[in-house]
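> Have a look at the structure that comes next, please.
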């Protein structure tokens, strides 16, 4: 179970974040300011920290700086300070992500998951398939000098297929590898995503195609 | 050239010339009023001396004697009123003795030509080498009555003085003009430095350093100028902090309202109750973006010039915006494609950031589900072009004209779920105007909309 540290002087915000994350299966530890957060960090290991900026005693910027220098831990700044200067300062001090209040709980979850994924698999390989360069670290695809940011599942699907070109995968294999075992949707989901990827490829006009192997599944081919 | 330097220099030179003219005029007046008669008296005494000498020494050779007097610095004209007309010493420039003068002098009167010499502006009379500018007196020699007209030979007596005075005057003029030119430069230089400093401040850089070591008014001006600059800096910082704080203080409670409404929504609710909560959530979103945009507007509308100018990379900024909106893109299954080569640009970073934010939210809002947003950036010699293209419904020509109006929203009647304040594009337009740029819209119904921003590249100063 992943443990997340929430640092905010507003207990209502802490409760809100905690409630949303606990439902997603995270363990939560709370801290009311930077000093308390550092004390908690010394006691146990965390997988991620979510911190406010405007806090008494030690603010979020200082906390981010301290975490950066002492721990290998992704940080999300969750704050009502939405100016570009604030964001820049946050990124400069080493935060990994920046979310402005009011936030969608779903967006927070998305960002938490994205960060955890990136941190866990730093060594995961990037793949080249024809003119496509699929960068797993930045979740970007580069084609002929242009960068493409795909929706996550489309990216994962493309990455999976492109890492094993010409190999045929059944729909259930794809679901297992891309969506995970606990995915509740049906195999139609795979078809929808393949269709979208193809539509995007058509516009790119490249020699990479995803073939349908009747009765079996899909495979990615580079001519 | 209408520089302060030339103005001051010319003024001082003009003052010098005018004052020399005036003082010449005044001293001339003084000569005419007072000195002329004194001079006349002096010469009269001299003439009397000469005539009485001639009168008393009958055996004297008049010709030799007068020749001698002439050679030591006098100009003399002697006549008996008939055949005898003799000049001694240097000749007169003009022989313009009035006819009655000779008769009068022969009759025993004294002719005061020097004090009667007419007033003219530029001629003092002192130097006028004319026959009428003399003193006439009668004397008798060898039984004949003569009239003698005499004046000192100024040219002979004062020729070295003349040269000296000429040098003096020329020296005074040339040197003082030279020094005026140099000293004016010295006076004007700090003022030009101040002018440069104001230009720097106008560009939003407040950390200027001026030479305040001078103990005069300009030194004081420089010092108070620097004080003003630091106060402006502080005021600007305070304004920014104020905006940031207001925004923070409004957004924090809104965030909690939204969050708790969200928690509430997860309970078992009737569709009616769920609907109410969604309305509250929507209104909170609207209030939140309205707050942001009004604060932005307040800082734009009061400005004619960019205060917070800085050089930054537009591409990096747009990439940051894309990153910030990744979840919204994910929600709609949208792909973003971009080619963003690094480009240095000098402008207001936070205002331009709000433009990209606005363009990307619009593209997400009006683009198709699982569609594509493509972002192009091109740099040319003197401008940068940034284009945001979506593949949504597009806007009709009639609507295109109105989308930059404040509080106008496209498709409000049909598309209730499209949220927004209607301020975004109007703000973006104002920001682009502030940068002397242009915003163009190209849209085709059914094919999508492209917003093109053209920003002129100005040399960073």
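Protein chains in written order, with full-length UniProt numbering: chain E, 1 to 223; chain Y, 1 to 461.
Glycine included, each C-beta is placed from N, C-alpha and C at the ideal position.
Can you find a CB in chain Y that lies within less than 8 Å of the CB of residue 81 of chain E?
By one-based count along the first chain, residue 81 of chain E stands at place 81. For residue 81 of chain E, the answer is yes, since a Cβ of chain Y falls inside 8 Å of its Cβ.
> With 8 Å as the threshold, decide whether the Cβ of residue 28 of chain E is near any Cβ in chain Y.
Translated into positions along the first chain, residue 28 of chain E becomes position 28. It does not: the Cβ of residue 28 of chain E has no partner Cβ on chain Y nearer than 8 Å.
> Under a CB-based cut-off of 8 Å, is residue 335 of chain Y close to chain E?
Position 335 of the second chain holds residue 335 of chain Y. True, the Cβ-Cβ gap to chain E drops below 8 Å.
> In chain order, what residues of the same chain lie with their CB nearer than 6 Å to the CB of residue 206 of chain E, ignoring the 5 residues before and after it?
Position 206 of the first chain, counted from the first residue, corresponds to residue 206 of chain E. 131, listed in sequence order.
> Flag this pair as touching only if the segment 147 to 164 of chain E and the segment 46 to 66 of chain E have three or more C-beta atom pairs under 8 Å; answer yes or no.
Segments in contact, no.
> Just tell me which of Y/297, Y/375, Y/259 and Y/334 has its CA closest to the CA of residue 315 of chain Y.
Along the second chain, read from residue 1 onward, the residue named residue 315 of chain Y stands at position 315. When each option's Cα is compared against that of residue 315 of chain Y, the closest is Y/375.
> Are the beta-carbon atoms belonging to residue 288 of chain Y and residue 102 of chain E less than 8 Å from one another?
Numbered from its first residue, the second chain carries residue 288 of chain Y at position 288. Numbered from its first residue, the first chain carries residue 102 of chain E at position 102. Contact: yes.
> So what's residue 86 of chain Y in DSSP terms, helix, strand or just coil?
Along the second chain, read from residue 1 onward, the residue named residue 86 of chain Y stands at position 86. Here residue 86 of chain Y sits in strand by DSSP.
> Taking the C-alpha atoms as reference points, what is the distance between residue 428 of chain Y and residue 320 of chain Y?
In the second chain, counting from the first residue as 1, residue 428 of chain Y sits at position 428. In the second chain, counting from the first residue as 1, residue 320 of chain Y sits at position 320. Spanning the two alpha carbons is a distance of roughly 18 Å.
> In this structure, what does DSSP give as the bridge partners for residue 49 of chain E?
Taking the first residue of the first chain as position 1, residue 49 of chain E is located at position 49. Per DSSP, E/5 and E/75.
> With C-beta atoms as the reference, is residue 222 of chain E less than 8 Å away from residue 208 of chain E?
Position 222 of the first chain holds residue 222 of chain E. Position 208 of the first chain holds residue 208 of chain E. In contact: residue 222 of chain E and residue 208 of chain E (Cβ atoms closer than 8 Å).
> Could one say the Cβ of residue 416 of chain Y lies closer than 8 Å to chain E's Cβ atoms, at least one of them?
Against the second chain, residue 416 of chain Y aligns to sequence position 416. Note on residue 416 of chain Y: pLDDT 45, under 50, position unreliable in the model; the coordinate value appears next. Output row for residue 416 of chain Y: interface = no.
> Leaving out the 5 sequence neighbours to the left and right, which residues in its chain are closer than 8 Å to residue 4 of chain E when beta-carbon positions are compared?
As a working note, residue 4 of chain E is residue 4 in the first chain. Answer for residue 4 of chain E: 21, 26, 27, 28, 29, 46, 47, 48, 49, 50 and 112, listed in chain order.
> State the DSSP-derived secondary structure class of residue 126 of chain E, mapped to helix, strand or coil.
Start at 1 with the first residue of the first chain, and residue 126 of chain E comes out as number 126. Residue 126 of chain E falls in the coil class under three-state DSSP.
> With H, G and I counted as helix, E and B as strand and the rest as coil, what does DSSP make of residue 69 of chain Y?
Locating residue 69 of chain Y in the second chain gives position 69, counting from the first residue. Three-state DSSP puts residue 69 of chain Y in a helix.
> Once the 5 residues before and after residue 162 of chain E are set aside, which same chain residues still bring their CB inside 7 Å of it?
Taking the first chain and counting its residues from 1, one reaches residue 162 of chain E at position 162. The answer, listed in chain order, is 127, 129, 132, 134 and 220.
> Only counting the same chain, and skipping five residues up and downstream in sequence, which positions put a Cβ closer than 8 Å to that of residue 43 of chain Y?
Residue numbering aside, residue 43 of chain Y sits at position 43 when the second chain is read from its first letter. Around residue 43 of chain Y: 114, 134, 135, 150, 151 and 152.
> Is the beta carbon of residue 423 of chain Y sitting closer than 8 Å to the one on residue 437 of chain Y?
In the second chain, residue 423 of chain Y corresponds to position 423, counting from 1. In the second chain, residue 437 of chain Y corresponds to position 437, counting from 1. For residue 423 of chain Y and residue 437 of chain Y, no; Cβs fall outside 8 Å.
> Pop quiz: residue 352 of chain Y and residue 317 of chain Y are said to be a contact at Cβ under 8 Å. What is the actual Cβ separation, rounded to whole angstroms?
Residue numbering aside, residue 352 of chain Y sits at position 352 when the second chain is read from its first letter. Residue numbering aside, residue 317 of chain Y sits at position 317 when the second chain is read from its first letter. Confirmed, about 7 Å.
> Ignore the nearest five residues each way along the sequence and tell me which others in residue 404 of chain Y's own chain have a CB closer than 6 Å to its CB.
For the purposes of this step, residue 404 of chain Y is taken as residue 404 along the second chain, with counting starting at 1. Same-chain partners within the cutoff: 425, 426 and 429.
> Could you tell me whether the segment 153 to 160 of chain Y touches the segment 182 to 191 of chain Y, using the rule of 3 or more Cβ pairs below 8 Å?
No, because fewer than three Cβ pairs between the segment 153 to 160 of chain Y and the segment 182 to 191 of chain Y fall closer than 8 Å, the two stretches do not touch.
> Identify whether residue 504 of chain Y lies in helix, strand or coil by the three-state DSSP scheme.
There is no way to answer for residue 504 of chain Y, as the model of chain Y reaches only from 1 to 461.
> Which same chain residues, not among the five before or five after residue 223 of chain Y, have their C-beta less than 6 Å away from its C-beta?
Taking the first residue of the second chain as position 1, residue 223 of chain Y is located at position 223. Cβ within range, chain order: 212.
> Among Y/218, Y/201, Y/254 and Y/249, which one has its Cα closest to the Cα of residue 232 of chain Y?
Position 232 of the second chain, counted from the first residue, corresponds to residue 232 of chain Y. That would be Y/201, whose Cα lies nearest to the Cα of residue 232 of chain Y.
> Grab the span of the beta strand (DSSP E) containing residue 138 of chain Y for me, first residue to last.
Along the second chain, one-based indexing puts residue 138 of chain Y at 138. Counting along the chain, the beta strand (DSSP E) containing residue 138 of chain Y begins and ends at 135 to 141.
> For chain E, check one thing: does any of its Cβ atoms lie closer than 8 Å to the Cβ of residue 396 of chain Y?
If you number the second chain from 1, residue 396 of chain Y lands on position 396. No, residue 396 of chain Y does not count as interfacial toward chain E.
> Since residue 345 of chain Y sits in a beta bridge, which residues does DSSP pair it with?
Translated into positions along the second chain, residue 345 of chain Y becomes position 345. Bridge partners of residue 345 of chain Y: Y/312.
> Restricting to Cα atoms, I'd like to know which of Y/131, Y/225, Y/327 and Y/391 is closest to residue 96 of chain Y.
Counting from 1 along the second chain, the entry for residue 96 of chain Y is found at position 96. For the residues Y/131, Y/225, Y/327 and Y/391, the minimum Cα distance to residue 96 of chain Y belongs to Y/131.
> Determine whether the Cβ of residue 252 of chain Y lies closer than 8 Å to any Cβ atom of chain E.
Working through the second chain from its first residue, we reach residue 252 of chain Y at position 252. Judged by the 8 Å Cβ criterion, residue 252 of chain Y is in contact with chain E.
> What does a CB cutoff of less than 7 Å around residue 204 of chain E pick up in its chain, not counting 5 residues either side in sequence?
By one-based count along the first chain, residue 204 of chain E stands at place 204. These residues qualify, in order along the chain: 143.
> Assuming residue 90 of chain E and residue 64 of chain E make a contact with CB atoms under 8 Å, what is their CB distance in whole Å?
Translated into positions along the first chain, residue 90 of chain E becomes position 90. Translated into positions along the first chain, residue 64 of chain E becomes position 64. That belief holds up - the Cβ atoms of residue 90 of chain E and residue 64 of chain E are roughly 7 Å apart, short of 8 Å.
> For residue 179 of chain Y, which three-state DSSP category applies?
Within the second chain, residue 179 of chain Y is the residue found at index 179, counting from 1. Of the three classes helix, strand and coil, the one that applies to residue 179 of chain Y here is helix, per DSSP.
> Just list the residues that DSSP pairs residue 377 of chain Y with in beta bridges.
If you number the second chain from 1, residue 377 of chain Y lands on position 377. Partner(s): Y/386.
> Using a C-beta to C-beta distance shorter than 9 Å, which residues of chain E count as neighbours of residue 349 of chain Y?
As a working mapping, residue 349 of chain Y is identified with position 349 in the second chain. The answer, in chain order, is 84, 85 and 88.
> Just curious, the alpha helix (DSSP H) that residue 27 of chain Y is in, first and last residue?
If you number the second chain from 1, residue 27 of chain Y lands on position 27. Residues 4 to 30.
> Need the endpoints of the beta strand (DSSP E) that residue 143 of chain E sits in, please.
For the purposes of this step, residue 143 of chain E is taken as residue 143 along the first chain, with counting starting at 1. Residues 140 to 143.
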